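Presented below is the structure to which this report refers.
In structure tokens, the structure reads:
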């Protein structure tokens, strides 16, 4: 059974070990009944696709069930044949409680390129106020590039997650890093996201940058569209104020959001530097 076919606890019939699995209704039992059911049960039994009970609990957002499994020795970094971890599934469900708990039990927030990236999944689904920020707070590289999806900012642009784009830029994501030669601006133009195009340009995206097909963002914009208009309006030289803002933000780096307060600038100028 593939990862996309897993629903609730339906996989918990016979396992690869030939032993009976958890009852189908286990997730709906009372905490006491769940504990009783787990007595003598190997919580790390897996299906033929190496899907564990913890994978299922996290995919369904069953926080209490996941905690009980972890307390009984479930492998927090278990990997399916598709490279899926419980943390990835928690991001699929959008459960920040599950994500926090897995991290407390030792889940790796950033995985290798051979595994599915939890934070990229969180960005794809637009989990801005939850999973994405939690993972970034636990040390995930904001410019981490996935072999299939590119950087987080690129994914946010591809899936038109405007709030994620804003937050990533605010936290210092590299505005030019995308997927190989394709930049976030290319992605935003391709997806006809005028608001995101404006955001990227305001944060210093290079309008002249060309991808592997030797196309710039303007080449990808639909003729007479809002994206084309936005790009044409910004084709000329940047204002002195914009150049100064970009220079200061570059000097402060990723700490800009917090370091700018130490400059003791007038509030209007501080707000300008922070794009507020």
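Residue numbers (UniProt numbering): 1 to 276. Beta carbons: idealized from backbone N, C-alpha and C, even for Gly. Everything numeric in this text was worked out from a predicted model, so none of it was measured.
#1: For residue 224 and residue 264, what's the separation of their Cα atoms in angstroms?
#2: Locate the alpha helix (DSSP H) running through residue 271, then write down its first and last residues.
#3: Specify the secondary structure class of residue 144 as computed by DSSP and reduced to three states.
#4: If you drop the 5 nearest sequence neighbours on each side, which residues of the same chain put their C-beta closer than 6 angstroms to that of residue 29?
#5: From 94, 45, 203 and 217, pick the residue whose C-alpha is nearest to that of residue 244; which is it?
#6: List the endpoints of the continuous alpha helix (DSSP H) containing residue 76.
#7: Can we say the segment 184-196 touches the segment 219-234, given the rule of at least three CB pairs closer than 8 angstroms?
#8: Answer with buried or exposed for residue 48, where buried requires no fewer than 16 other C-beta atoms within 10 angstroms of its C-beta.
#9: Let me know if residue 68 comes out buried or exposed under the rule of 16 or more other beta-carbons within 10 Å of its beta-carbon.
#10: Compute the distance between the beta-carbons of residue 110 and residue 141, then report whether it is under 9 angstroms.
#11: How would you label residue 58, buried or exposed, when you count the other beta carbons within 10 angstroms and need 16 or more for buried?
#12: Thinking C-alpha only, which one of 90, 199 and 183 is nearest residue 214?
#13: Tell me the DSSP secondary structure of residue 260 in three-state form.
#14: So what's residue 166 in DSSP terms, helix, strand or just coil?
#15: Rounded to the nearest angstrom, what separates residue 206 and residue 259 at their Cα positions?
#16: Classify residue 262 as buried or exposed, calling it buried when 16 or more other Cβ atoms lie within 10 Å of its own Cβ.
#17: Please name the residue in 77, 163, 104 and 210 whose C-alpha comes closest to that of residue 199.
#18: Considering only their Cβ atoms, is the gap separating residue 112 from residue 61 smaller than 9 angstroms?
Taking the definition as stated:
#1: Approximately 44 angstroms between the Cα atoms of the pair.
#2: Per DSSP, the continuous alpha helix (DSSP H) segment holding residue 271 begins and ends at 267-273.
#3: Three-state DSSP puts residue 144 in coil, outside helix and strand.
#4: Confidence in residue 29 is poor, its pLDDT being 49 and thus under 50, which makes the residue's placement unreliable; the coordinate value appears in the next sentence. If we look at residue 29 and ignore the five residues flanking it on each side, it has no Cβ neighbours.
#5: 203
#6: No alpha helix (DSSP H) holds residue 76; DSSP gives it neither H nor E.
#7: Judged by Cβ distances under 8 angstroms, the segment 184-196 makes contact with the segment 219-234, as three or more pairs qualify.
#8: exposed
#9: buried
#10: yes
#11: buried
#12: 183
#13: helix
#14: helix
#15: 25 angstroms
#16: Exposed is the call here.
#17: For residue 199, the nearest C-alpha among the options comes from 163.
#18: Contact annotation: residue 61 and residue 112 have beta-carbon atoms that are not nearer than 9 angstroms.
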